[in-house]
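Asks: My structure is below; once you've seen it, I'll send some questions.
Protein chains in written order, with our numbering: chain B, 287 to 926; chain L, 32 to 315.
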């Protein structure tokens, strides 16, 4: 049973990816991909039923992983030479030398521990990757068809595209299940390579440039990862993550030798999660087709970074280093939320909001109390669902209206009623109670109350978050009265949107069960205690606060339903033209007024983006400077 | 126990708008006296709302009707939660639900007045939200809990420990009450360049709903103020009377300022006062 589950979640995607490369037919791809998605989802659910495990694959795989490591490194080195990028060349050479030296001299005997292990945190990650990731892959079927129709390619590049998409899912599953740190390194490098190939997929000038930037930043992270693992092996004498975590309290002391490898690994996680000053690779990644952005931002890639940081959190709990991690996270949360306010490009708003939320997860890992870790894991879950949903919505919108600019989405509900509503559901589940994201944010803020510098940054950041989300949701509704035309979409686009929207609401409804079933056991395992007790009504209660879930759902839900009923009763006779402070006119079907000299003037509205406060060119250089300073502080103040 | 809570919730639901309306009436009367006018009867806000309810509903599109009701739901629920002694941060987030829908309704109309009002309302939220979170965090530092009920377990008023946070709350209160100098998204003085702003497109019964929701919000924020002297009822009333009178005076002696100034001063002052107060708490 176990070997089947691990085979399906990790190895099967690799095999299916190879098959997709060979089978070039559109219909065959559709069948294979949908079937794989189904199998992955079922396997993830079976793993949830099975619970924690550890599993040792055949020894041959150990050899294969080592070969795989070197293959990837040489591919990256080759790319570095082709692009003449000195950073990539030297960092990759360092990794090749380091890995060779480590494998042949330091690592005397072959490991005697299982290469895979899963606790509830790993299972949560497998569920996210397999369910959300598969839905995105399915969405890609319809999306890429339209995408390539626009590009008029002589030969379809979809086989390569889906090769890397499916490979990505397998690599991510391997990463979160890995017990052997060297295996994790292999999967880590796989995701770097996949993201590089996918970002550069359209092969335009800008795509190549941004893919190269993503590559060098992630190679930097990869180098830190490898040397972190080598140092970790030197300090603890093993590569088994499970054993190291089990002895966590023994290592987690101020000034401990483990903090140097911890710094390297956390640094690797921060590059992968695109934290400042490495945010530019993720914002640049949006040149790729939308399914790639959705995958990178929600269930894969960036989640690998925060997974590592949260996973290792017990090893640096209670140290100064941990406080600096919290500070770095809180700082990034604040500034990227500010950057999101200054953007009118929908995908960029989503990108900055992703970085901001990941930073909040990292801040929680840094705060490192049971409540904070609970918040971090819940944030990972709820963010994956809502963010995947929002990206897929923007992709569908872009293909319909030809723009990803928020201002171009004014009155979108009149054109794409279903997608507009689903987008609003995505936005609301991101920022308002009683939904899970907000519950996790509530936990994060309450657990930060002891560290007031972190607290101040979280308070400012969450206010900024509300601004850019509410602005976007409101704009979508700016339309004249009337019944919108029903919209048409491919089933492979429509279904993932509907499923993700339902998941965003349903998983929030199940939040108490998710907490008691998956999150609390993980926290109890590593911190010996849990943060919240679930009361009879499903409220999360602790000494510091109480989150009411079901009464809120019921009361807000009743209010909302009543509001919908009242809104539906509005008749056409009760509709007036918008207020223009003068004589209203209809100018070519748009609202307007009679202006000077009796000329009809159409109204043009725009939002406040406040570029002088929140523009990228104003903020970025300061942010990067401070972020580097914080990293230096983390190294010298915390780790050494 | 549950019955008592239910009664308390219903009492909050019924009494809060009545109290809010009365406060608004008294406010208008005192403001008039400060401006050498006689002013309307104290019950005028209620007359206004009843009259609005009697009007035929008119909207630009259906979203506005929806948003008006959700705004009222959010505001009323947050007051109920306050009276039930719930979590301060949770109350604040529920308040945000209402505020966000108010803005969404304003943005749903292409009228430039409504649009600017909505955008400015978002800026007002940006200014007061961090202040409220900081005040709650400070309260939690003193009481050890974000629950309102924990405030009532204190033996001496919070005002002794976190006096500066009361000023921060006063800032937030001024913004939330839409008083000058922070009445940039909507105001009750007719001489501004944008008068009803975010309310522009709401009319008739929907405007009445917004008015009632605003009364709930007034009671909520005044409730937050009252927490600072939670040890005696007399103290609470005295604190509220003084605070509200100060608000009226400020409203009448200051001019509306730009959103840039509001953001800078609110966030700057708020963070500075918080840091000073926290350091003082640590040092003690």
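Beta carbons: idealized from backbone N, C-alpha and C, even for Gly.
The structure presented is a predicted model; accordingly, all values stated were derived computationally and were not measured.
For a contact defined as C-beta to C-beta under 8 Å, what are the partners of residue 305 of chain L on chain B?
Replies: Counting from 1 along the second chain, the entry for residue 305 of chain L is found at position 274. Result: 738 and 742.
Asks: Just to confirm the assignment, what range does the beta strand (DSSP E) spanning residue 95 of chain L have?
Replies: What you label residue 95 of chain L is simply residue 64 of the second chain in a count that begins at 1. Note, residue 95 of chain L: premise wrong, no beta strand (DSSP E); alpha helix (DSSP H) at 93-114.
Asks: From the DSSP secondary-structure annotation, give me the bridge partner or partners of residue 631 of chain B.
Replies: Counting from 1 along the first chain, the entry for residue 631 of chain B is found at position 345. Answer is B:691, bridged to residue 631 of chain B.
Asks: Cβ of residue 738 of chain B within 7 Å of Cβ of residue 309 of chain L?
Replies: Your numbering for residue 738 of chain B matches position 452 in the first chain. Your numbering for residue 309 of chain L matches position 278 in the second chain. Yes. Within cutoff.
Asks: Do you know how far the Cα of residue 731 of chain B is from the Cα of residue 744 of chain B?
Replies: As a position in the first chain, residue 744 of chain B is number 458, starting the count at 1. As a position in the first chain, residue 731 of chain B is number 445, starting the count at 1. Approximately 7 Å, taken between the alpha carbons.
Asks: Are residue 449 of chain B and residue 303 of chain B touching if we call contact CB-CB under 7 Å?
Replies: Counting from 1 along the first chain, the entry for residue 449 of chain B is found at position 163. Counting from 1 along the first chain, the entry for residue 303 of chain B is found at position 17. Yes, the Cβ-Cβ distance between residue 449 of chain B and residue 303 of chain B is below 7 Å.
Asks: Checking contacts by CB at 7 Å: is residue 728 of chain B closer than that to chain L?
Replies: Translated into the one-based positions of the first chain, residue 728 of chain B becomes position 442. For residue 728 of chain B, the answer is yes, since a Cβ of chain L falls inside 7 Å of its Cβ.
Asks: In whole angstroms, what separates the C-alpha of residue 961 of chain B from that of residue 484 of chain B?
Replies: Here chain B comprises residues numbered 287 to 926, so residue 961 of chain B is not present and cannot be evaluated.
Asks: Taking a cut of 8 Å between CB atoms, which residues from the segment 172-195 of chain L lie near chain D?
Replies: You won't find chain D in this structure, because its protein chains are B and L.
Asks: Between L:44, L:267, L:283 and L:76, which has its C-alpha nearest residue 10 of chain L's C-alpha?
Replies: There is simply no residue 10 of chain L to check, as chain L begins at 32 and stops at 315 in what is shown.
Asks: Drop a sphere of 10 angstroms on the beta-carbon of residue 381 of chain B, count the other beta-carbons inside from all chains shown, and report buried for 16 or more, exposed for fewer.
Replies: Locating residue 381 of chain B in the first chain gives position 95, counting from the first residue. Result: buried.
Asks: Residues in its own chain within less than 8 Å of residue 14 of chain L by CB, not counting five upstream and five downstream?
Replies: Residue 14 of chain L is absent from the model: chain L starts at 32 and stops at 315.
Asks: Taking the beta carbon of residue 90 of chain L as the centre, do at least 16 other beta carbons fall within 10 Å, making it buried, or is it exposed?
Replies: Position 59 of the second chain, counting from 1, holds the residue named residue 90 of chain L. Residue 90 of chain L comes out buried.
Asks: Take the Cβ of residue 253 of chain L as the centre, count every other Cβ of all protein chains shown within 10 Å, and call the residue buried at 16 or more, exposed below.
Replies: Translated into the one-based positions of the second chain, residue 253 of chain L becomes position 222. With 16 or more other Cβ atoms within 10 Å, it is buried.
Asks: Whose C-alpha, out of L:212, L:288, L:255 and L:240, is nearest the C-alpha of residue 279 of chain L?
Replies: Residue 279 of chain L sits at position 248 when you count from the first residue of the second chain. Considering only alpha carbons, the answer is L:212.
Asks: CB-CB under 6 Å to residue 219 of chain L, same chain, minus the five flanking residues each way: which ones, in chain order?
Replies: On the second chain, residue 219 of chain L is found 188 positions in, with the first residue counted as 1. There are no such residues.
Asks: For a contact defined as C-beta to C-beta under 7 Å, what are the partners of residue 149 of chain L on chain B?
Replies: Along the second chain, read from residue 1 onward, the residue named residue 149 of chain L stands at position 118. Simply 760.
Asks: Counting only runs that start and end within the segment 526-573 of chain B, where is the beta strand (DSSP E) found for 3 or more residues in a row?
Replies: Complete beta strand (DSSP E) runs here, min 3: none at all.
Asks: Mapping DSSP to helix, strand and coil, what is residue 822 of chain B?
Replies: Translated into the one-based positions of the first chain, residue 822 of chain B becomes position 536. Looking at residue 822 of chain B - three-state DSSP - the assignment turns out to be coil, as it is neither helix nor strand.
Asks: Enumerate, from N- to C-terminal direction, the unbroken beta strand (DSSP E) stretches of 3 or more residues contained entirely within the segment 333-419 of chain B.
Replies: The qualifying runs are 339-341 and 402-404.
Asks: Taking the alpha carbon of residue 665 of chain B as the point to measure from, which residue in B:678, B:645, B:683 and B:892 has its own alpha carbon closest?
Replies: In the first chain, the residue the question calls residue 665 of chain B occupies position 379. Residue 665 of chain B has its Cα closest to that of B:645, out of B:678, B:645, B:683 and B:892.
Asks: Per the contact definition of three or more C-beta pairs closer than 8 Å, is the segment 412-424 of chain B in contact with the segment 344-353 of chain B?
Replies: They do not touch, by the three-pair rule.
Asks: Taking three-plus beta-carbon pairs below 8 Å as touching, is the segment 134-154 of chain L in contact with the segment 756-775 of chain B?
Replies: Yes, since at least three Cβ pairs between the segment 134-154 of chain L and the segment 756-775 of chain B fall closer than 8 Å, the two stretches touch.
Asks: Which ranges would you report for the alpha helix (DSSP H) in the segment 654-724 of chain B if only whole runs of at least 4 residues count?
Replies: Complete alpha helix (DSSP H) runs here, min 4: 656-687, 698-701 and 703-717.
Asks: Per DSSP, which residues does residue 151 of chain L bridge with? Please list them.
Replies: Counting from one through the second chain, the residue named residue 151 of chain L turns up at place 120. DSSP lists no partner for residue 151 of chain L.
Asks: Would you call the CB atoms of residue 805 of chain B and residue 663 of chain B closer than 7 Å?
Replies: One-based indexing of the first chain puts residue 805 of chain B at position 519. One-based indexing of the first chain puts residue 663 of chain B at position 377. Going by C-beta atoms, residue 805 of chain B is nearer than 7 Å to residue 663 of chain B.
Asks: Using 7 Å as the limit for Cβ to Cβ distance, is residue 833 of chain B near chain L?
Replies: To locate residue 833 of chain B, count along the first chain from 1; it is residue 547. It does; some Cβ of chain L falls within 7 Å.
Asks: Tell me which residues of the segment 396-411 of chain B have at least one Cβ-Cβ distance to chain L shorter than 7 Å, keeping chain order.
Replies: The segment 396-411 of chain B vs chain L, Cβ under 7 Å: nothing.
Asks: Could you name the residues of the same chain whose beta carbon sits closer than 7 Å to that of residue 839 of chain B, not counting the 5 residues immediately before and after it, in chain order?
Replies: Numbered from its first residue, the first chain carries residue 839 of chain B at position 553. Cβ within range, chain order: 720 and 795.
Asks: If you count every other CB in all the chains shown that lies within 10 Å of the CB of residue 313 of chain B, and 16 or more means buried, which is it?
Replies: As a working mapping, residue 313 of chain B is identified with position 27 in the first chain. By the neighbour-count rule (16 or more Cβ atoms within 10 Å), residue 313 of chain B is not buried but exposed.
Asks: Which word fits residue 32 of chain L, buried or exposed, when buried means at least 16 other C-beta atoms lie within 10 angstroms of its C-beta?
Replies: The sequence position of residue 32 of chain L within the second chain is 1, counting from 1. Flag for residue 32 of chain L reads exposed.
Asks: Relative to the C-alpha of residue 141 of chain L, which residue among B:710, B:696, B:799 and B:367 is closest?
Replies: The residue given as residue 141 of chain L occupies position 110 in the second chain. With distances taken between Cα atoms, residue 141 of chain L lies closest to B:696.
Asks: Looking at C-beta atoms only, is the number of pairs between the segment 858-874 of chain B and the segment 124-134 of chain L that lie closer than 8 Å three or more?
Replies: Contact fails: fewer than three Cβ-Cβ distances are below 8 Å.
Asks: Would you verify that the beta carbon of residue 206 of chain L is, or is not, closer than 7 Å to some beta carbon of chain B?
Replies: Locating residue 206 of chain L in the second chain gives position 175, where the first residue counts as 1. By this cut-off, residue 206 of chain L is not an interface position.
Asks: Can you list the residues of chain L that residue 860 of chain B reaches, using a CB-CB cut of under 8 Å?
Replies: Indexing the first chain from 1 puts residue 860 of chain B at position 574. Neighbours of residue 860 of chain B on chain L, chain order: 87, 88, 89 and 90.
Asks: Note down, in chain order, every chain L residue with its Cβ under 7 Å from the Cβ of residue 866 of chain B.
Replies: The residue given as residue 866 of chain B occupies position 580 in the first chain. The contacting residues are 142.
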